[in-house]
Amino acid sequence: MSDADRTELRHFLVVNYADLSQRLTRRLGSPEAANDALQETYLRLESASVLSPVRNPLNYLFRTALNIAADRRRAETRYLTTTEIDTLLDFADDAPDPARIVEGRSELRALERAIAEMPERRRAIFQAVLVEKTPRRELAKRFGISIRTVDIEVQRALEYGARRLQENSNVHCETAPGESSID
């Protein structure tokens, strides 16, 4: 687009600004959106690269402003609203705090100790069932016991582990602030 054509279109926009603003306001439903689109149209005329001369400047400017308004509307829908941002910021952090991490590690060590304290057969059955997912029938055959005995051993292991975790929890609750418990 030549400089003369740009100058002519800018002049046409200034002269017909009120008419274009009214038409765009009816189409867009907002005088602010219409005026913003027209201002952006004026700025874009500086970098316009139209290869052929504009036959109908009024329609060209109107269509350009409509396209700019549509582009803005699409861009605005990509951004979060302030309400959406506030909602995201109000989410609780699911990550454990340092105290909970220490407590979890202490519980894990207590459980490891409890498993180590179990009779060898109970420990082996417990680990095979819960960790390795070995079928109970296979374990009964391997240890030369009934499936019911496998179930009893697993149950006793679970109860023992739970009891030891409870004892560990009680030790931590009885510890005065600033003191460390014996792990």
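Just so we're aligned, residue 2 is where the sequence shown starts under the working numbering, counting upward by one. Don't be surprised by glycine CBs; every beta carbon is placed ideally from N, CA and C.
Could you spell out where the alpha helix (DSSP H) holding residue i opens and where it closes?
| i | result |
| --- | --- |
| residue 73 | 58-79 |
| residue 146 | Unbroken run through residue 146: none, as it is neither H nor E. |
| residue 96 | Counting along the chain, residue 96 falls outside any alpha helix (DSSP H), and DSSP gives it neither H nor E. |
| residue 85 | 83-90 |
| residue 130 | 121-131 |
By a C-beta neighbour count over all protein chains shown, 10 Å radius and 16 as the cutoff for buried, is residue i buried or exposed?
| i | result |
| --- | --- |
| residue 96 | exposed |
| residue 169 | buried |
| residue 16 | exposed |
| residue 92 | exposed |
| residue 30 | exposed |
| residue 86 | exposed |
| residue 1 | The requested residue 1 is not part of the displayed model; the chain covers only 2 to 184. |
| residue 162 | buried |
Assign residue i to one of three DSSP states: helix, strand, or coil.
| i | result |
| --- | --- |
| residue 42 | helix |
| residue 17 | coil |
| residue 108 | helix |
| residue 135 | coil |
| residue 155 | helix |
| residue 162 | helix |
| residue 49 | coil |
| residue 179 | For residue 179, the predicted structure reports a pLDDT of 48, less than 50, and the residue's modelled location is therefore unreliable. The matter cannot be settled from this model. |
* Would you say the segment 119-138 touches the segment 94-108, given that touching needs at least three Cβ pairs under 8 Å? -> No: fewer than three Cβ pairs fall under 8 Å.
* Asked: Does the count of Cβ pairs from the segment 121-131 and the segment 75-86 closer than 8 Å reach three?
  -> The segment 121-131, when compared against the segment 75-86, does not touch it at the 8 Å Cβ threshold.
* To do: State whether the segment 38-51 contacts the segment 8-23, with contact taken as three or more CB pairs (one from each stretch) at a distance under 8 Å.
  => Yes, they touch.
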